[in-house]
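Here's the structure, in structure tokens; my notes come after.
In the working numbering, the protein residues as written are 1 to 285.
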């Protein structure tokens, strides 16, 4: 990603945060542009270039009112929706070749002991990202504007591992997901440290089609634990793979976007961007 594109995303994230804080006032294009210190003309063009739609259209995808309306209007069951939008067409193309492999009980217990982890930093549509891999697959991918903070989070997850700052083929393949041409991506393998419950939740997240949203209750139903919404929320909050495992597609049943490990403004930006690229955005109920 070019440096200017990253600067544009930073301004877009600031604009989204401003909108969230002033949503009830319905700020105008001019007010939003002024807050990020650019002209309204330049902001309109910058935003449209990044999202593919105008700021006004983009906000329709992320407003609470819009989410609530979609929740009310959806008549499909979970599995009907999964079949109709998840298994037909290209909306979920990248999800279909992401495969999760859990670490062995020994690797889980030893907190990364005897594991060698390569890591590198890259730019993405949604800001700077750290990606890390073992010889089996991607073990961590997280957004962070500060490199030391990102690396500290990686170390915390694997305190006994050996780390090498090196970009390898596994990482490069996974990072292709942020491009528009997914045809060049091989199957992405994830090598994750998690409990059986967490792994089931993370696998369920892969079934949410691009441009769609699900509630915590929906994920609990999908893993056949309908009374475990709170535990599902905790597992989603511990997801170690940003974007590839789409925890950003889970919102509260009321339509509120909710929290996100890598920032609510970033979550909102991703949801809006995916919805703007989808022909048939929907809410699972």
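The beta-carbon is built from N, C-alpha and C at its ideal position, and this holds for glycine as well.
Check	Outcome
Any contact of the region 46-62 with the region 139-151, i.e. 3+ C-beta pairs under 8 Å?	no
Alpha carbon to alpha carbon, how far is residue 170 from residue 133? Give it in angstroms, no decimals.	7 Å
Comparing alpha-carbon positions, which option in 157, 101, 159 and 122 lies nearest residue 135?	101
Buried or exposed: where does residue 22 fall if 16 or more other Cβ atoms within 10 Å of its Cβ makes it buried?	exposed
Are residue 250 and residue 223 touching if we call contact CB-CB under 8 Å?	no
What first and last residue would you give for the beta strand (DSSP E) that runs through residue 124?	116-124
What does DSSP give as the partner residue(s) for residue 132 in the beta ladder?	119 and 140
Would you list the residues sitting across from residue 165 in a DSSP beta bridge?	119
As a quick exercise: from 220, 166 and 56, pick the residue whose alpha carbon is nearest that of residue 26.	56
Does DSSP classify residue 248 as helix, strand or coil?	helix
Please classify residue 19 as buried or exposed, where buried requires at least 16 neighbouring CB atoms within 10 angstroms.	buried
Mind checking whether residue 229 and residue 252 have CB atoms under 8 Å apart?	no
So, are the CB atoms of residue 161 and residue 112 less than 8 Å apart?	yes
My output table needs one value for residue 282: the three-state DSSP class, helix, strand or coil.	A caution first: residue 282 carries a pLDDT of 49, below 50, which makes its placement in the model unreliable, though a value can still be read off. Strand, per DSSP.
Would you report the Cα separation of residue 79 and residue 164, rounded to the nearest angstrom?	Because the pLDDT of residue 79 is 44, which lies under 50, any placement of that residue in the model is unreliable, and the number read from its coordinates should be weighed accordingly. So the alpha carbons of these two residues sit roughly 43 Å apart.
Which residue's Cα is closest to the Cα of residue 117: 146, 144 and 190?	190
Since residue 102 is in the beta strand (DSSP E), which residue starts that stretch and which ends it?	98-102
Kindly list the residues whose CB is nearer than 8 Å to the CB of residue 272, restricted to its own chain and excluding five residues on each side of it in sequence; keep chain order.	16, 51, 58, 59, 61 and 62
Please work out which residues of its chain come closer than 7 Å, Cβ to Cβ, to residue 28, disregarding the five sequence neighbours upstream and downstream, and give them in chain order.	none
Just the C-alpha distance for residue 276 and residue 53, rounded to the nearest angstrom, thanks.	7 Å
Report the partner residues of residue 227 according to the DSSP bridge assignment.	Beta-bridge pairing links residue 227 to no other residue.
Between residue 177 and the rest of its own chain, which residues show a CB-CB distance below 8 Å, the 5 nearest in sequence each way excluded?	94, 185, 188, 243 and 244
In angstroms, rounded to a whole number, what distance separates the CA positions of residue 122 and residue 269?	19 Å
Extract the residue ranges of the alpha helix (DSSP H) inside the region 191-238, only unbroken runs of 4 or more that lie entirely within it.	196-205, 216-222 and 229-237
Is the beta carbon of residue 219 sitting closer than 8 Å to the one on residue 246?	no
If you draw a straight line from the alpha carbon of residue 11 to that of residue 36, how long is it in whole angstroms?	6 Å
Taking only the alpha-carbon atoms, compute the straight-line gap between residue 179 and residue 264 and give it to the nearest angstrom.	23 Å
Residue 143 and residue 128 - do their beta-carbons sit closer together than 8 Å?	yes
Which residue marks the beginning of the alpha helix (DSSP H) containing residue 41, and which one marks its end?	40-51
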